[in-house]
Amino acid sequence: MKKNRGRVIFIVISVLLSLYFLYPTFKDYRFSQQLRNLRGEDSAKFVEAHDKEIRDARQNRIKLGLDLQGGMRVVLEVNVFKLLEDLAKNKDDAFKSILDEVRAAAQNSDLDLIDLLRQKFAEKQVRLSRYYGSFRDSDDDVVKRLRDESSSAIDRAMEIVRNRVDQYGVSEPSIQKQGARRIIVELPGVSKDAEVRQLLQGTALLEFKLLIDPEIALKVYESVDKALGGKPMNDTTKSDTSGTDTSATVAAADTAKSVDTSLVPLPEEQMKAQEKEKKDHPFFALANPFQQENQAWNGQLYSSEEDRAKVMQILSRPDIRRLLPSDMAFVWSAKPAFTAEGRKFYSLYAVKKQAELTGGVIVNARATIDPQYNTPVVNMEMNSEGARDWARITGANIKKRVAIIMDNAVFSAPVVQTKITGGNSQITGMESVEEAKLLEIVLKAGALPAPVEIVQQATVGPSLGEDSIRQGVWSAGLALGLTMAFMIFYYGTGGLMADIALLLNVIFVLGVLAGFKGTLTLPGIAGVILTVAIAVDANVLIFERIREEAVTGKTLMAAIDAGYTRAFKGAIFDANLTAFITGVILYQFGTGPVQGFALTLMIGIVASVFSAVVVSRVIIEILIERGKHVSFG
Amino acid sequence: MRFFGKTTIDFMGKRKMWYTISAAVILAGIVSLSIKGFHFGIDFKGGTEMIIQFRQPTDVGKIRAMMDQAGFPRSEIKAYGGPNTILLRTEMQGEGTSVGDKIRSSLQQTFPEDAPKILQEQKIGPKVGAELRRNAFLAVISSLVAMGLYVAFRFKFIYGVGAIVALFHDVMVALGAVSILDGITQYTNFEIDQNMIAAFLTIIGLSMNDTVVIFDRIRENQKVYRSMGLMELINKSLNETLSRTIITSGTVFVITTILFFLGGEVNRGFAFALTIGILTGTYSSIYIASAIVLDYTNYKERKKQRPIVPEKISYEAVNQGS
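As you go down the protein sequences, you meet chains A and B in turn. Residue numbering for the first sequence follows our numbering, starting at 682 and increasing by one per position. Residue numbering for the second sequence follows our numbering, starting at 12 and increasing by one per position.
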């Protein structure tokens, strides 16, 4: 026992850890079953009551691949050809004919498009600077610039896509960069593919819109609140503080809400206060005019992720619309603010409907560090036409805020400090370099093209996914059952121990998959089934070896010892290492579902060696030490 | 419980016959491949594929007419799973997803009362298809080489060669079987797609596993029975590991068969290739990998024992000094 104590502890910890990682998956399954039995209002109530739990479970469960849960997978590629076309200035017929030649040459050439373009221009003895960059640029400069553009186009495209997907409201979207030119977008549960495809393509619209004065906005919001049945506010100053009092800060409001959703019952007064707030101010309960200490209200309302849709629904009701000034529009922030608890809050901006400027006037934007204050800044450069308008706009709106809006989402709303003439503006006050970088990408996205095309797309309907899960789980179960029955039949008690190890093996594989946030795909289920085969093989190797050793006249304990040691040192180690290598190669070369298979295979190989060599051995040795009879058939 | 007592089968004695059989099977596969061609899946070929569910059984001819009219002649149209579900595929490429959109709208026009449901849609651009094909090829080749190198390093060089040839044999047999049976019954519509490549790589892994176990036993026995002839030694090792080989392979065989019949349409080709693979993988470890090691070693031995005196003196004279 002593010799095994360390190993027993290790095994128990591994099992507990796996179960801990699998628990959310189990909970998620339970919730979805309960929800299936509830109808309409009941299910809405249930969701509200268990809101946080459901979301936590969902976030930490084993992720299902699109082939299992249905959804859309789109691979976008930056269209360099289109980019070259879009970037060129003064396009004339000569340019078009060269471009056509490049297009034709690209069909059967391994050179990349920019090299081809350069080559064709050289053949025609035309300098690249005639169409790109400024007149004095050498071809090398232009080529370098074009390359930079093509690589930054992917960042722009990615930000545009992310922004649109966020607004579309897909749960658990995944947007990844693949290589230098591709973006993989995975949208679980989405089947309206025509709509989504529209969403992913097309150029971004960048606009500068003036924010409505906070005082005016507040009056409007109050009238909305009143129209919804809220109590009248006595005077504006009080209402201002009431807005802050009832919720103090976003963080405080959030704590109250999160307590509400957890299992601990809410202290009664707090609950009452919250209920009262909901009743007294139905609108502000959803969209909170959170005010920072010692500062004037910034004019923004804050809503939790889930409440956004409700707020928009209220604001678009005909009876409410009548209360709103005709030139007022509402735009959400692109990125959420996080509370200490990790809940997302978006802010709602009231802006002038008419844009002051559109992004086409931006010539360049660059995020840098201001050497004087060592803070991140973004320098924005406009063309002469834009600069003229910008001077007028900034001159007339000093100390007011102008929102930078891309595809109907606010990325920033800087305050105008002075009248800006000459078209060069500096945006300061960002909290991090990342924030500045994002703003640079957004500002460029309005002016510079980021043409993408769909090179790969797959949509799986949810029903096909359900069928696949059922068939996969059913065959996995049957395979496992049959194998286990055979092991007992053939190897007796030893087989039973192996079966325990086999079950643990499956738990390990799924647990690791959940813990590392891996994705289970249909080939992945096949991988789990194969893992069972690998684990069986390890046990068979060991047991056959034990039988052989026992024949030579060793005691049972000595035979077991020799069997395990020799089987592992010889066959098991080499055999599993080679299988693992194929797994690695498969993971490298495969995509999507196939990678899922490779992943489960690799995890499975490690888990099966562990469960066969360590777990079953410890169980058998402990049994023998306790004087139990263990046979190997 | 045990199925096998001590066996003394002379595996290596009949290896020449099995070489011939293996060659014949592979040849049959190559013939089938050259007649039927590679039946690539959508991910390797590129194009648009849709799985469509109709409410009522639908005439394939009508769908074909619709596809021809929509400008996608020579489309592949076949039943998928049940009679109401159809798989449509065209190699035609369009910008973005225009092909899919067009099919969708003509479906709505042709079957307005049925309102068919699109269960799955896939579009693979021409470049992506070529890329995936190249990646798959590289994956198979590099895993063959990696396995061979590993064995050559852990054992002896010739063991590595034997392992690579055996693995190559397995892939060729599986590829041939897939090609021969493809399209013969309604359950055997196989195509070479990414899942199939995953199956081939798994075959490589499983077959390797089997080969390593046997090689390992040969190596171990070589240390114990130093004076035993290699043929006798290999036979002894094969007999000693036979019980394990059959039980493991039998289990995997049962598992992949279950997967084939119950794993659903998507996993079927994969499971079939694996089923063939586990059979040929088990076989090749004995009759290809071990046999090559034996024959090569015999060849070296014979070379050593060959009389130094050359048979044709005149030749020797000409070549002298070189």
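We put the CB at the ideal spot given by N, CA and C, even for glycine.
In its chain, beyond the 5 residues on either side, Ala834, Arg837, Ala838 have a beta carbon closer than 6 Å to the beta carbon of alanine 1131 of chain A.
Any Cβ of chain A closer than 8 Å to the Cβ of serine 238 of chain B would place that residue at the interface, and such an atom is absent. Not a single C-beta of chain B is nearer than 8 Å to the C-beta of alanine 787 of chain A. Looking at the DSSP output, phenylalanine 1026 of chain A shares a beta bridge with A:Ser985, A:Ala1018. Isoleucine 88 of chain B places its beta carbon less than 8 Å from that of valine 71 of chain B. Its Cα nearest to that of glycine 292 of chain B, the residue B:Val223 stands out among B:Val223, B:Phe83, B:Ala150.
Among the residues facing chain A, leucine 244 of chain B is not included, as its CB has no counterpart in that chain under 8 Å away.
Taking every protein chain shown into account, the CB of glycine 1251 of chain A has 16 or more other CB atoms within 10 angstroms, so this residue is buried. Around the Cβ of isoleucine 46 of chain B, a 10 Å sphere holds fewer than 16 other Cβ atoms; the residue is exposed.
The beta carbons of proline 1204 of chain A and phenylalanine 281 of chain B sit about 7 Å from each other, so the pair counts as a contact at 8 Å. Listed in chain order, the non-local C-beta contacts of phenylalanine 802 of chain A below 6 Å within the same chain comprise Leu809, local neighbours out to five positions each way being set aside. The Cβ-Cβ distance between valine 151 of chain B and alanine 1214 of chain A does not fall below 8 Å. For asparagine 1105 of chain A, there is no enclosing alpha helix (DSSP H); the residue is part of the beta strand (DSSP E) that begins and ends at 1105-1108.
Chain B has a Cβ within less than 8 Å of the Cβ of leucine 1211 of chain A. With a 10 Å radius around the Cβ and a threshold of 16 neighbouring Cβ atoms, valine 866 of chain A comes out buried. Counting the other CB atoms within 10 Å of its CB gives glutamate 958 of chain A a total of 16 or more, which places it among the buried residues. Contact annotation: the segment 696-711 of chain A touches the segment 738-750 of chain A, with at least three C-beta pairs closer than 8 Å. If you check the CB distance, arginine 862 of chain A and glutamate 758 of chain A come in under 8 Å. Interface residue (Cβ-Cβ distance to chain B less than 8 Å): alanine 1018 of chain A is not classified as such. The contact set of valine 1221 of chain A on chain B, defined by CB atoms closer than 7 Å, consists of Arg255, Ile258, Thr259 in chain order. Taking CB atoms only, lysine 167 of chain B has no neighbour in chain A less than 8 Å away. Any Cβ of chain A closer than 8 Å to the Cβ of isoleucine 175 of chain B would place that residue at the interface, and such an atom is absent. The Cβ neighbour count for tyrosine 1172 of chain A, taken over all protein chains shown within 10 Å, is at least 16; the residue is labelled buried. Within the segment 1112-1142 of chain A, those residues whose Cβ lies closer than 7 Å to any Cβ of chain B are, in chain order, Glu1134, Ile1135, Val1136, Gln1137, Gln1138, Ala1139, Thr1140, Val1141, Gly1142. Taking the beta carbon of aspartate 21 of chain B as reference, no residue of chain A falls within 9 Å; the closest one sits roughly 21 Å away. Around the C-beta of aspartate 906 of chain A, 16 or more other C-beta atoms lie within 10 Å, and the residue is accordingly described as buried.
Distances from the alpha-carbon of lysine 113 of chain B to those of B:Glu60, B:Ile229, B:Ile32, B:Phe65 put B:Glu60 closest. Sorting B:Gly261, B:Glu251, B:Ile214, B:Gln233 by C-alpha distance to the C-alpha of glycine 1208 of chain A places B:Ile214 at the top. For leucine 1159 of chain A, the residues of chain B that pass the 8 Å Cβ criterion are Ile269, Leu273, in the order they occur in the chain.
If you draw a straight line from the Cα of isoleucine 1150 of chain A to the Cα of glutamine 133 of chain B, it is about 20 Å long. Within the same chain, Cβ atoms closer than 8 Å to the Cβ of leucine 794 of chain A are found at Val761, Phe762, Leu765, Val783, Ala787, the five residues on either side in sequence being excluded. When 8 Å is used as the limit between beta carbons, methionine 219 of chain B is near these residues of chain A: Ala1256, Thr1259, Ala1260, Thr1263, in chain order. Taking asparagine 771 of chain A as the centre and dropping the five residues before and after it, the same chain places the C-beta of Arg811, Tyr812 closer than 8 Å to its C-beta, in chain order. Secondary structure at valine 263 of chain B: helix, using DSSP grouped into helix, strand and coil.
Under the 8 Å criterion on CB atoms, glutamate 974 of chain A is classed as non-interfacial with respect to chain B.
Phenylalanine 1092 of chain A places its beta carbon less than 8 Å from that of leucine 1120 of chain A.
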